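From first to last, the protein sequence lines stand for chains A, B, C and D. Just so you know, we're using our numbering here: the first sequence kicks off at 1 and counts up by one. Just so you know, we're using our numbering here: the second sequence kicks off at 164 and counts up by one. Just so you know, we're using our numbering here: the third sequence kicks off at 327 and counts up by one. Just so you know, we're using our numbering here: the fourth sequence kicks off at 490 and counts up by one. All residues carry an ideal CB built from backbone N, CA and C; glycine is no exception. Please read these numbers as outputs of a predicted model, since none were measured by experiment.
Number of protein chains: 4
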Amino acid sequence: MNLPLIFNYFFAILHACKMTKFKIDKMNNNSVSKIAVRYAETDQMGVVHHSIYAQYFEIGRLDWLNQFHIHYHKMEQEGVMLPVYDLQIKYHRPIKFGENIFVNTSLKKLPDVKIQFVYRIFNEDDQLVTSGSTTLVFVDAVTRKPIKCPSYILEAFKRIEFD
Amino acid sequence: MNLPLIFNYFFAILHACKMTKFKIDKMNNNSVSKIAVRYAETDQMGVVHHSIYAQYFEIGRLDWLNQFHIHYHKMEQEGVMLPVYDLQIKYHRPIKFGENIFVNTSLKKLPDVKIQFVYRIFNEDDQLVTSGSTTLVFVDAVTRKPIKCPSYILEAFKRIEFD
Amino acid sequence: MNLPLIFNYFFAILHACKMTKFKIDKMNNNSVSKIAVRYAETDQMGVVHHSIYAQYFEIGRLDWLNQFHIHYHKMEQEGVMLPVYDLQIKYHRPIKFGENIFVNTSLKKLPDVKIQFVYRIFNEDDQLVTSGSTTLVFVDAVTRKPIKCPSYILEAFKRIEFD
Amino acid sequence: MNLPLIFNYFFAILHACKMTKFKIDKMNNNSVSKIAVRYAETDQMGVVHHSIYAQYFEIGRLDWLNQFHIHYHKMEQEGVMLPVYDLQIKYHRPIKFGENIFVNTSLKKLPDVKIQFVYRIFNEDDQLVTSGSTTLVFVDAVTRKPIKCPSYILEAFKRIEFD
Numbered sequence: 001m002n003l004p005l006i007f008n009y010f011f012a013i014l015h016a017c018k019m020t021k022f023k024i025d026k027m028n029n030n031s032v033s034k035i036a037v038r039y040a041e042t043d044q045m046g047v048v049h050h051s052i053y054a055q056y057f058e059i060g061r062l063d064w065l066n067q068f069h070i071h072y073h074k075m076e077q078e079g080v081m082l083p084v085y086d087l088q089i090k091y092h093r094p095i096k097f098g099e100n101i102f103v104n105t106s107l108k109k110l111p112d113v114k115i116q117f118v119y120r121i122f123n124e125d126d127q128l129v130t131s132g133s134t135t136l137v138f139v140d141a142v143t144r145k146p147i148k149c150p151s152y153i154l155e156a157f158k159r160i161e162f163d
Numbered sequence: 164m165n166l167p168l169i170f171n172y173f174f175a176i177l178h179a180c181k182m183t184k185f186k187i188d189k190m191n192n193n194s195v196s197k198i199a200v201r202y203a204e205t206d207q208m209g210v211v212h213h214s215i216y217a218q219y220f221e222i223g224r225l226d227w228l229n230q231f232h233i234h235y236h237k238m239e240q241e242g243v244m245l246p247v248y249d250l251q252i253k254y255h256r257p258i259k260f261g262e263n264i265f266v267n268t269s270l271k272k273l274p275d276v277k278i279q280f281v282y283r284i285f286n287e288d289d290q291l292v293t294s295g296s297t298t299l300v301f302v303d304a305v306t307r308k309p310i311k312c313p314s315y316i317l318e319a320f321k322r323i324e325f326d
Numbered sequence: 327m328n329l330p331l332i333f334n335y336f337f338a339i340l341h342a343c344k345m346t347k348f349k350i351d352k353m354n355n356n357s358v359s360k361i362a363v364r365y366a367e368t369d370q371m372g373v374v375h376h377s378i379y380a381q382y383f384e385i386g387r388l389d390w391l392n393q394f395h396i397h398y399h400k401m402e403q404e405g406v407m408l409p410v411y412d413l414q415i416k417y418h419r420p421i422k423f424g425e426n427i428f429v430n431t432s433l434k435k436l437p438d439v440k441i442q443f444v445y446r447i448f449n450e451d452d453q454l455v456t457s458g459s460t461t462l463v464f465v466d467a468v469t470r471k472p473i474k475c476p477s478y479i480l481e482a483f484k485r486i487e488f489d
Numbered sequence: 490m491n492l493p494l495i496f497n498y499f500f501a502i503l504h505a506c507k508m509t510k511f512k513i514d515k516m517n518n519n520s521v522s523k524i525a526v527r528y529a530e531t532d533q534m535g536v537v538h539h540s541i542y543a544q545y546f547e548i549g550r551l552d553w554l555n556q557f558h559i560h561y562h563k564m565e566q567e568g569v570m571l572p573v574y575d576l577q578i579k580y581h582r583p584i585k586f587g588e589n590i591f592v593n594t595s596l597k598k599l600p601d602v603k604i605q606f607v608y609r610i611f612n613e614d615d616q617l618v619t620s621g622s623t624t625l626v627f628v629d630a631v632t633r634k635p636i637k638c639p640s641y642i643l644e645a646f647k648r649i650e651f652d
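Here is the structure:
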């Protein structure tokens, strides 16, 4: 057995520990989405255009849902949509191309007809760059009328510990 | 003189009346931007994606500024930038490709370091589809530090009648 | 009768003449779409990002179709889709925010399963800024399989004079 | 020692082997960028809008350059820009939200004033979904005039084996 492989074993253990921690986090109502800023997302101020952050939040909440094995594309196939009803964003610092950002998403409270998420985006220096929230509405894909949050989703969320 | 031209005269008078009304409106702090929804702006729900509305608001406020002969691209050339500090959007009804929308923009109050706009978007049936607001900050393009609203802008705004 | 209204009459006649010219142009297989460049479309090079031009072309060909009373949103409702099969763009000059551009669109030849458009974009100084072409395929919205160009569309196109 | 950790060791070794292969690939002029399709990228046809692929190609070539330690955001800071001169895309199959795609990028030949990349995008089933190419031009950021490819870039590329 050579040295590089020993290092690899070491990192495997480390990774295993991290994954365990991750599983605990999930019940703590947090998800982190790492996003590499795209060049196309910048504007002539040299920073990410403010309209793009709505996409970052969207990635955040879909990743959050994925953690609970709720995959939005399957939800839509099953006839449930989640259009955005309101959106609030505060831009604390600019984000530039070449940076990675981390979207921290958490559920505000258990959903009913509406589901509310809060977001904080951090840069690689752990500085808060953006904060915000969204309210989405469960909607029947055919009638386009609001419906209650499907029970399998409520079931999936019941072990969440809110702060 | 033939009939179609008489109709044209009639519409010319109508148009002249409308333009006069428009000039009065300007002092009343309103602008209307007509936007034809782009196919590329829709998502797989079949409606305009919620992130696009930040672009609609941006078109609205830049048109509003144009009415006061403040052209944002010249402002940037002169070293003043207006990054968005916060954004709120409420989505009352969806917008579809094939529709024209009308972004009604007005200034909330006289600006200082910040400038605040409110927006209401209507569809062709005069239904309110979206409402929202933004706060932007005057920033020195070189230092990227906040500055006071340039005096020529305040001068241009002084005849505005706020509701 | 006052002087401004006389001017308005004059412009009404001018407008009427222009509209007639426009109707003749339609049979000549051209359409012109005026687009005001959006701030959000710029990137940190200070020019419109190259990915946006595909949207400009799309606006161009949908306007071209509108001239023939073929409204794409109705076409989709009737079960026919037109996905893009290929796209070529040449970028001759940059476009900046603050500019208006003019997308000149024309049909390359009568469509069969495919429909091909060519585009030239000009700036306000009549300089060619972009040229390109697209091939789109008529597709059944349900089966997503290629179909022949609907006969009502071929009918609408039969008076087109190709160069 | 428990079973899950043994599995982790196994994957660590596998991973180490893959990384070695990757390093060899780099000299073989290939890069692979994995991209999770964003919901916002879909249109009302239920697939990724064709204009987005220009962004995917951009991510592909910037990742390709990163492999050679050429970071585009640093290049721009040092006064060299790479605007796109032409773009060709062929859309073989649609891409849907919920899918991951893999952008395979390679350099066509050693650059001079121009640099040319070719792209093939695959889905998770290893099906070719898109192919294309771009030509970009080295430009002085101040004068905006074409310049020769900087020598440090040519130096970095000299070990590339073209097919």
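If you count every other CB in all the chains shown that lies within 10 Å of the CB of residue i, and 16 or more means buried, which is it?
{"i": "D275 of chain B", "result": "exposed"}
{"i": "I187 of chain B", "result": "Any reading at I187 of chain B must be qualified, since the residue scores a pLDDT of 47, below 50, and its modelled position is unreliable; the value itself is stated next. The residue in question, I187 of chain B, is exposed, as its Cβ has fewer than 16 Cβ neighbours within 10 Å."}
{"i": "Y192 of chain B", "result": "It should be pointed out that residue 192 of chain B corresponds to Asn in this sequence rather than to Tyr. Buried, since its Cβ has 16 or more Cβ neighbours within 10 Å."}
{"i": "H49 of chain A", "result": "buried"}
{"i": "V423 of chain C", "result": "The question names Val, but residue 423 of chain C is Phe in the sequence shown. Buried, since its Cβ has 16 or more Cβ neighbours within 10 Å."}
{"i": "Q566 of chain D", "result": "exposed"}
{"i": "F606 of chain D", "result": "buried"}
{"i": "S520 of chain D", "result": "buried"}
{"i": "L317 of chain B", "result": "exposed"}
{"i": "D629 of chain D", "result": "exposed"}
{"i": "D489 of chain C", "result": "exposed"}
{"i": "T531 of chain D", "result": "buried"}
{"i": "S33 of chain A", "result": "buried"}
{"i": "G386 of chain C", "result": "buried"}
{"i": "Y315 of chain B", "result": "exposed"}
{"i": "T143 of chain A", "result": "exposed"}
{"i": "T509 of chain D", "result": "Legend: pLDDT at T509 of chain D = 49, less than 50; position of this residue unreliable, value from coordinates given subsequently. That one is exposed."}
{"i": "F185 of chain B", "result": "Interpretation of F185 of chain B is limited by its pLDDT of 48, a score under 50 that renders its predicted location unreliable; the figure taken from the coordinates is listed afterwards. By the 10 Å Cβ count, F185 of chain B comes out exposed."}
{"i": "H92 of chain A", "result": "exposed"}
Since I believe residue j is in contact with residue i (beta carbons under 8 Å), could you give me their beta-carbon distance rounded to a whole number of angstroms?
{"i": "I147 of chain A", "j": "F138 of chain A", "result": "5 Å"}
{"i": "Y119 of chain A", "j": "E547 of chain D", "result": "Y119 of chain A to E547 of chain D, Cβ: 26 Å. No contact."}
{"i": "A217 of chain B", "j": "S51 of chain A", "result": "4 Å"}
{"i": "Q414 of chain C", "j": "G458 of chain C", "result": "5 Å"}
{"i": "L391 of chain C", "j": "Y398 of chain C", "result": "6 Å"}
{"i": "I278 of chain B", "j": "L299 of chain B", "result": "5 Å"}
{"i": "Q560 of chain C", "j": "Q44 of chain A", "result": "Any question about residue 560 of chain C goes unanswered here, given that chain C covers just 327 to 489."}
**Prompt:** Any chance the region 102-110 of chain A sits against the region 80-92 of chain A, with 3 or more Cβ pairs inside 8 Å?
**Reply:** no
**Message:** Which residues of the region 525-556 of chain D have a Cβ closer than 7 Å to any Cβ of chain A? Give them in chain order.
**Reply:** R527, Y528, A529, Q544, E547, I548, L551
**Prompt:** Unbroken beta strand (DSSP E) runs of length 3 or more, entirely within the region 513-576 of chain D: which are they?
**Reply:** 520-525
**Item:** Stretch pair the region 608-624 of chain D + the region 449-460 of chain C: three plus CB contacts closer than 8 Å
**Value:** no
**Request:** Below 9 Å between beta carbons is the criterion; list the residues of the region 410-429 of chain C that meet it against any residue of chain B, in chain order.
**Result:** Under the 9 Å Cβ criterion, the region 410-429 of chain C contributes K422, F423, G424, E425.
**Item:** Sequence ranges, beta strand (DSSP E) only - wholly within the region 260-305 of chain B, length at least 3
**Value:** 263-270, 277-285, 291-300
**Message:** Short of 8 Å Cβ to Cβ, which residues in the region 230-242 of chain B face chain C?
**Reply:** H234, Y235, H236, K237
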